[in-house]
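K.L.:
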């Protein structure tokens with residue numbers, strides 16, 4: 124059994140811990156999360172621990188990245204369970220601020236990224252990236268780690284955070300880490316916990332359909348027809364609806380007509396009230 | 124004659140200089156400017172030098188805080204003159220980035236402060252505070268000084284910067300410094316250089332009319348009528364037009380109906396094509 128993970132809940136305590144590490148010449152890695160941890164998060168912690176001497180994981184379910192009709196209230200929360208998992212993965216400190224620490228009275232600032240945040244998720248969740256960019260800039264500036272680690276599972280989010288960090292000159296390296304998948308290829312996600320047994324089986328079809336679309340595009344199918352066919356397959360597999368399945372420029376997420384530059388396939392689809400996303404290199 | 128002031132023009136060079144000072148245990152103060160320096164700026168440098176061991180002054184005429192019809196092109200520029208004045212005031216380093224350093228290809232991030240940025244200047248210059256908050260967050264994060272010094276001459280800007288710095292957890296103390304005035308009370312401003320001799324005489328009336336409005340409000344006049352009378356006096360003094368003259372809450376800049384909390388009088392008025400602003404504690 125591991126020793127319990129130390130936890131801090133305010134910015135001065137967080138900065139004190141990190142300042143002590145820095146004074147000792149240690150490199151610090153940050154893993155921002157909304158809790159409800161799974162193996163995907165733990166792989167971020169392990170990667171961070173390989174690349175830094177000390178790892179801080181943040182746990183904050185950020186209300187500003189949920190629209191009023193979204194699942195903020197029912198989003199899974201289990202700090203004790205998360206804390207035990209983090210300790211076993213080599214995390215050194217949990218930072219779990221409450222809402223008043225993150226958004227004090229009179230809070231009035233938003234970090235808005237245009238361009239890369241506009242299509243795909245930006246179209247279907249217009250509040251999302253403003254909320255993400257604002258909270259991530261805060262978490263980075265509260266802790267000022269050497270590097271921060273984000274999963275490629277949220278690929279567009281990763282691109283938005285990279286752009287925001289470069290544009291604002293936040294002195295932190297942003298590292299993307301490969302998506303961790305279940306044995307049937309389903310991308311791990313805190314929201315998978317919402318799925319019933321039938322939905323869970325259907326969910327596993329998404330990554331296979333994306334692989335097929337990649338194959339079709341690489342074999343010379345027009346991008347638009349590979350996308351359209353994949354969309355039909357997702358619905359046929361039993362998904363309730365498809366928000367998008369798109370092959371895009373891997374950096375800007377702009378539409379493309381051929382594979383001459385690095386490309387990425389990204390998808391979002393609904394199973395009942397649960398929205399799943401996934402992406403892969405083409 | 125002073126030794127020439129060292130200058131850096133990119134972020135790595137700036138960070139190298141500051142890292143060396145930090146390693147030596149020195150406190151660093153930052154004075155962001157758009158150049159065209161006058162005694163007001165130099166007083167910021169002197170205050171910074173009293174409160175810190177080393178002072179960096181930034182010189183960047185920020186295109187993003189000018190609307191297309193505003194005076195970006197004709198804004199006065201004299202880096203050699205500015206540099207000599209800074210050296211004599213005790214500045215240790217000039218940071219003068221060009222546009223490509225501040226806004227590289229693909230720049231897509233804006234820092235937007237609502238609330239305190241909405242009235243007054245926000246109403247008449249809707250692009251202004253977005254441009255200011257974005258560039259100041261960049262300058263603070265490029266240099267990460269212990270403290271940054273801003274003039275109260277741009278009082279609303281100072282409040283916006285304080286809010287933004289607190290909201291984003293930028294680890295820099297923001298210090299406001301008193302407005303420096305000419306012998307006739309005119310607030311020093313780089314834009315005073317636009318005034319001809321006749322306009323210069325009229326300009327000096329603004330601060331006197333503001334003092335009268337403060338007296339009237341303190342003597343019990345209704346806020347709205349003190350404002351209306353002051354506005355009439357500004358026009359009668361020969362100003363071309365009045366954008367606003369308003370007595371507001373000193374922190375939020377919200378309208379008030381009495382002087383039970385700290386208040387500030389703020390004004391903006393035009394002399395020909397030159398826009399002057401001023402403010403005072405009530």
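Residue numbers (my numbering), protein chains in the order written: chain A, 124 to 405; chain B, 124 to 405.
Just so you know, even glycine gets a beta-carbon here, dropped at the ideal spot from N, CA and C.
Closest Cβ-Cβ distance between residue 136 (chain A) and chain B: below 8 angstroms?
P.N.:
For residue 136 (chain A), the answer is no, since every Cβ of chain B falls outside 8 angstroms of its Cβ.
K.L.:
So the beta strand (DSSP E) residue 398 (chain A) belongs to, where does it begin and stop?
P.N.:
397 to 404
K.L.:
Using a threshold of 8 angstroms, state whether the C-beta atoms of residue 384 (chain B) and residue 372 (chain B) are closer than that.
P.N.:
yes
K.L.:
Quick check on residue 259 (chain A) - is its C-beta less than 8 angstroms from some C-beta in chain B?
P.N.:
no
K.L.:
Determine, using beta carbons only, whether residue 395 (chain A) and residue 322 (chain A) come nearer to each other than 8 angstroms.
P.N.:
yes
K.L.:
Just the Cα atoms here: how many angstroms apart are residue 266 (chain A) and residue 166 (chain A)?
P.N.:
21 angstroms
K.L.:
Any contact of the segment 132 to 139 of chain B with the segment 341 to 355 of chain A, i.e. 3+ C-beta pairs under 8 angstroms?
P.N.:
no
K.L.:
Starting from residue 298 (chain B), follow its DSSP beta bridges and name the residues at the other end.
P.N.:
B:272.
K.L.:
Counting pairs of Cβ atoms below 8 angstroms between the segment 308 to 319 of chain A and the segment 278 to 286 of chain A, do you hit three or more?
P.N.:
no
K.L.:
Spell out whether any CB of chain A is found under 8 angstroms from the CB atom of residue 153 (chain B).
P.N.:
False, the Cβ-Cβ gap to chain A never drops below 8 angstroms.
K.L.:
Check whether the Cβ atoms of residue 179 (chain A) and residue 218 (chain A) lie closer than 8 angstroms to each other.
P.N.:
yes
K.L.:
Identify which residue in B:221, B:189, B:405 has its Cα closest to the Cα of residue 343 (chain B).
P.N.:
B:405
K.L.:
When the Cα of residue 256 (chain A) is compared with those of A:223, A:222, A:293, which residue comes out closest?
P.N.:
For residue 256 (chain A), the nearest C-alpha among the options comes from A:293.
K.L.:
Would you list, in sequence order, the uninterrupted beta strand (DSSP E) runs of no fewer than 3 residues that lie entirely inside the segment 207 to 295 of chain A?
P.N.:
216 to 218, 232 to 236, 270 to 274
K.L.:
Give me the chain A residues within the contact set of residue 236 (chain B), using Cβ-Cβ distance strictly less than 9 angstroms, ordered along the chain.
P.N.:
231, 232, 233
K.L.:
Cα separation between residue 263 (chain B) and residue 368 (chain A)?
P.N.:
Between residue 263 (chain B) and residue 368 (chain A), the C-alpha separation is close to 40 angstroms.
K.L.:
Buried or exposed for residue 276 (chain A), please, with buried defined as at least 16 other CB atoms from any protein chain shown within 10 angstroms of its CB.
P.N.:
buried
K.L.:
Quick check: the segment 232 to 252 of chain A against the segment 228 to 236 of chain B, are at least 3 beta-carbon pairs closer than 8 angstroms?
P.N.:
yes
K.L.:
Can you find a CB in chain C that lies within less than 8 angstroms of the CB of residue 292 (chain B)?
P.N.:
Annotation note: the requested chain C is absent from the structure, which comprises protein chains A and B.
K.L.:
For residue 187 (chain B), which residues in chain A fall below 9 angstroms Cβ to Cβ?
P.N.:
Those do not exist, as residue 187 (chain B) stays about 12 angstroms from chain A at its closest Cβ, beyond 9 angstroms.
K.L.:
Helix, strand or coil: which one does DSSP assign to residue 375 (chain A)?
P.N.:
coil
K.L.:
Identify the residues that DSSP records as bridge partners of residue 154 (chain B): which are they?
P.N.:
Note: residue 154 (chain B) is bridge-paired with B:180 in the DSSP secondary-structure output.
K.L.:
Using only alpha-carbon positions, find the residue among B:290, B:272, B:387, B:244 that is nearest to residue 399 (chain B).
P.N.:
B:244
K.L.:
Using the C-alpha atoms, what's the distance from residue 250 (chain A) back to residue 339 (chain B)?
P.N.:
47 angstroms
K.L.:
Quickly, what does DSSP pair residue 387 (chain A) with across the bridge? List them, please.
P.N.:
A:371, A:404
K.L.:
Give the residues of chain A in contact with residue 309 (chain B), contact being defined as C-beta atoms less than 9 angstroms apart.
P.N.:
The premise fails here: residue 309 (chain B) is roughly 32 angstroms from chain A at the closest Cβ pair, so nothing lies under 9 angstroms.
K.L.:
Contact between the segment 202 to 215 of chain A and the segment 149 to 165 of chain A: three or more CB pairs below 8 angstroms?
P.N.:
Taking 8 angstroms as the limit for Cβ pairs, the verdict is that the segment 149 to 165 of chain A does touch the segment 202 to 215 of chain A.
K.L.:
List, in chain order, every chain A residue whose beta-carbon is nearer than 8 angstroms to that of residue 287 (chain B).
P.N.:
232
K.L.:
Is any beta-carbon of chain A found at less than 8 angstroms from that of residue 179 (chain B)?
P.N.:
no
K.L.:
So, with DSSP's three-state summary, where would you put residue 340 (chain B)?
P.N.:
Residue 340 (chain B) falls in the helix class under three-state DSSP.
K.L.:
Quick check: is any heavy atom of the ligand SAH less than 7 angstroms from the C-beta of residue 328 (chain A)?
P.N.:
As presented, the structure is devoid of all ligands, the ligand SAH included, so that no description of it is given.
K.L.:
Against residue 239 (chain A), what residues of chain B qualify as contacts under a CB-to-CB distance less than 7 angstroms, listed in chain order?
P.N.:
231
K.L.:
Give the single residue among B:127, B:174, B:128 whose Cα lies nearest to the Cα of residue 150 (chain B).
P.N.:
The option with the nearest alpha carbon to residue 150 (chain B) is B:174.
K.L.:
Between residue 265 (chain A) and chain B, is there a C-beta pair that is closer than 8 angstroms?
P.N.:
yes
K.L.:
Measure the Cβ-Cβ separation of residue 332 (chain B) and residue 361 (chain B) and say whether it is below 8 angstroms.
P.N.:
no
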